[in-house]
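Peer 1: In the working numbering, each residue's number is its place in the sequence shown (first place is 1) plus 43.
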Amino acid sequence: DEVARKMAMVEADLERAEVLAETGENKLVELDDELSVVGNNLKALDVSEE
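1. At the level of alpha carbons, what is the spacing between Asn-69 and Asp-89?
2. How is Glu-93 classed by DSSP in three states: helix, strand or coil?
3. Look up Asp-44 in the DSSP assignment and say whether it is helix, strand or coil.
4. So, for Asn-83: in the same chain, excluding its five sequence neighbours on each side, which residues have a beta-carbon less than 8 Å away from its beta-carbon?
Following this line, the structure appears as structure tokens:
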């Protein structure tokens, strides 16, 4: 049945989108952590130059 096929396709698309969203969220957390480290390193360099 056409409706069931379309529903299965939509569900598969949704599952892929959820995986991509989770991956993106994880990457954002990693980048935020890296940015924090870089900021702390920059502060330490500024202090050591004084």
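A virtual CB, placed ideally from N, CA and C, is assigned to each residue, including glycine.
Peer 2: Judging by the given coordinates:
1. 30 Å
2. coil
3. coil
4. none
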